[in-house]
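**Q** Residue numbers (the working numbering): -19 to 310.
Where is the CB? At the ideal position from N, CA and C, for every residue including glycine.
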Ligand SMILES: Cc1ncc(C[n+]2csc(CCOP(=O)(O)OP(=O)(O)O)c2C)c(N)n1
Ligand SMILES: [Mg+2]
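Encoded structure:
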């Protein structure tokens, strides 16, 4: 990798980190809703997507909500998603980034289907789908993985193994020694990488993307770490997590680790580091201002597009909602 590439990767990690830390603050200030914390998942998110071209597709779960930032998506869009504002739902074709998926693993078959479609059309694009360790226990994961392998679809299955599915430990998800072992059963290569080593994730993803692009079919990548933050802002992990392990993980957190590497290589110095971090902070400040400047959506959106012929009662509900909201404002 050139110095410029190494720094671009760092810039993306910083942007994801700053988004995450600011989003948590905005949540605490009541400015966004419940937020799924992505702290220390940046090496996986930035490293894996760095292997993609602009035409390749990204299928994020809620854990990867800010991943569009690596494609230049405005932070305001993602913040609006967490605010429940309709402008948080972008057109996937604008960024080649699918909607953020909250139901666990349901986007794996979508990604497999899109990848297969690309193959049928003779389009060189690939798809990369992100999901967690818990998702590997879902039927949709198995269907998507099997389908992709049978069709030899150009798909990269990127499993973020943070060892927890909210409060359910990995040991309750699988009796397999590793999640990467599951790849064998589908007839696809499986690799295991250190999820806090951005260059290791990038290398594994680059190989997988090259394989997919050259008609070599899907690859399963297991990026291993240990969740160092709560599952989401609504979670208190002290009741179940190994706090000592969390402390160790924080000492080894991925952004600082990569920053130290770049400094040792002489690629990053104080001034450049400060400039990259303050640019990310500025982008976020502008993002929340832009998000909050947008007018609220009309409440009729809750009812629109649900029924072709809405029952009468919904009209009454909407009128009642307007009355309550009106009274509230007044
Ligand atoms: C189909 C489905 N079942 C249950 C849930 C509730 N739920 C939200 S997050 C989560 C844990 C998922 O854990 P994992 O796949 O390891 O991803 P992580 O959150 O650790 O990134 C669950 C069970 C859901 N969103 N969708
Ligand atoms: Mg998990």
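In this structure, does DSSP put residue 108 in helix, strand or coil?
**A** Three-state DSSP puts residue 108 in a strand.
**Q** May I have the straight-line CA-CA distance separating residue 168 from residue 130, to the nearest angstrom?
**A** In a straight line, the C-alpha of residue 168 is about 9 Å away from that of residue 130.
**Q** What distance in whole Å lies between the Cβ atoms of residue 200 and residue 236, which are believed to be in contact at a cut-off of 8 Å?
**A** So it is not a contact: roughly 28 Å between Cβ atoms.
**Q** How is residue 135 classed by DSSP in three states: helix, strand or coil?
**A** Three-state result, residue 135: strand.
**Q** Only counting the same chain, and skipping five residues up and downstream in sequence, which positions put a Cβ closer than 7 Å to that of residue 149?
**A** The answer, listed in chain order, is 143.
**Q** Using the beta-carbon count (16 or more within 10 Å), is residue -10 buried or exposed?
**A** Residue -10 should be labelled buried.
**Q** Using a Cβ-Cβ cutoff of less than 8 Å, which residues in the same chain neighbour residue 247 once the five nearest sequence positions on both sides are dropped?
**A** Here the set comprises -17, -14, -13.
**Q** The alpha helix (DSSP H) with residue 312 in it runs from where to where?
**A** The chain is shown only over -19 to 310; residue 312 falls outside these bounds and no answer can be derived.
**Q** Can we count residue 112 as close to ligand 2, meaning its CB is less than 7 Å from some heavy atom?
**A** Residue 112 Cβ: within cutoff of ligand 2.
**Q** Do residue 59 and residue 271 have their beta-carbon atoms positioned less than 8 Å apart in this structure?
**A** Yes; because the gap between Cβ atoms is below 8 Å, this pair is in contact.
**Q** Please go through the same chain and pick out, in chain order, the residues whose beta-carbon is closer than 6 Å to the beta-carbon of residue 44, but skip the five residues on each side of it.
**A** 25, 110.
**Q** If we ignore side chains and look at the alpha-carbon of each, how far apart do residue 259 and residue -5 end up?
**A** So the alpha carbons of these two residues sit roughly 9 Å apart.
**Q** Is the CB-CB distance between residue 220 and residue 147 below 8 Å?
**A** Contact flag set, yes.
**Q** Quick one: using the 10 Å Cβ neighbour count with 16 as the cut-off for buried, is residue 99 buried or exposed?
**A** With 16 or more other Cβ atoms within 10 Å, it is buried.
**Q** Let me check one thing: in DSSP terms, what residues is residue 127 bridge-paired to?
**A** Bridge partners of residue 127: none, in fact.
**Q** So is the beta-carbon of residue 142 under 7 Å away from any non-hydrogen atom of ligand 2?
**A** Yes, ligand 2 has a heavy atom inside 7 Å of this Cβ.
**Q** Looking at the structure shown, is residue 203 part of a helix, part of a strand, or coil, going by DSSP?
**A** Strand, per DSSP.
**Q** For the beta strand (DSSP E) containing residue 174, name the first residue and the last one.
**A** From DSSP, the beta strand (DSSP E) with residue 174 extends over 170 to 174.
**Q** Could you check whether residue 166 and residue 141 sit closer than 8 Å to each other, using their CB atoms as the reference points?
**A** Not a contact, by the Cβ cut-off of 8 Å.
**Q** Is it right to say residue 69 is buried, meaning 16 or more other beta carbons lie within 10 angstroms of its own, or is it exposed?
**A** Answer is exposed; the Cβ neighbour count stays below 16.
**Q** Could you give the distance in angstroms between the alpha-carbon of residue 297 and the alpha-carbon of residue 304?
**A** Looking at the two C-alpha atoms, the distance is approximately 10 Å.
**Q** Whether or not the stretch 100 to 109 and the stretch 26 to 39 are in contact is what I'm after, with contact meaning three or more pairs of Cβ atoms, one per stretch, closer than 8 Å; do they touch?
**A** Yes, the stretch 26 to 39 touches the stretch 100 to 109.
**Q** Need the endpoints of the beta strand (DSSP E) that residue 37 sits in, please.
**A** Segment 37 to 39, the beta strand (DSSP E) holding residue 37.
**Q** Who does residue 81 pair with in a DSSP beta bridge?
**A** DSSP output for residue 81 lists 41 as bridge partner(s).
**Q** Tell me residue 209's beta-bridge partners as DSSP assigns them.
**A** Paired residue(s): none; residue 209 is not in a bridge.
**Q** Taking just the CA atoms, how far does residue 196 sit from residue -1?
**A** Approximately 35 Å, taken between the alpha carbons.
**Q** Would residue 101 be called buried (16 or more neighbouring beta carbons within 10 Å of its own) or exposed?
**A** Counting Cβ neighbours within 10 Å, residue 101 comes out exposed, since fewer than 16 surround it.
**Q** In whole angstroms, what separates the C-alpha of residue 175 from that of residue 158?
**A** Each residue's Cα considered, the two are about 14 Å apart.
**Q** Would you identify the three-state DSSP class for residue 158, choosing helix, strand or coil?
**A** In the structure shown, residue 158 sits in coil (DSSP, three-state: anything other than H, G, I, E or B).
**Q** Kindly indicate which residue of 120, 276, -3 has the alpha-carbon position closest to the one of residue 50.
**A** Of 120, 276, -3, the residue nearest in Cα terms is -3.
**Q** Which residue from 293, 216, 15 puts its Cα closest to that of residue 62?
**A** Checking every option, the nearest Cα to that of residue 62 belongs to 15.
**Q** Looking at residue 193: is its Cβ nearer than 8 Å to the Cβ of residue 290?
**A** Not closer than 8 Å, so no.
**Q** Apart from the five residues just before and just after residue 3, which ones in its own chain have a Cβ nearer than 6 Å to its Cβ?
**A** These residues qualify, in order along the chain: 15.
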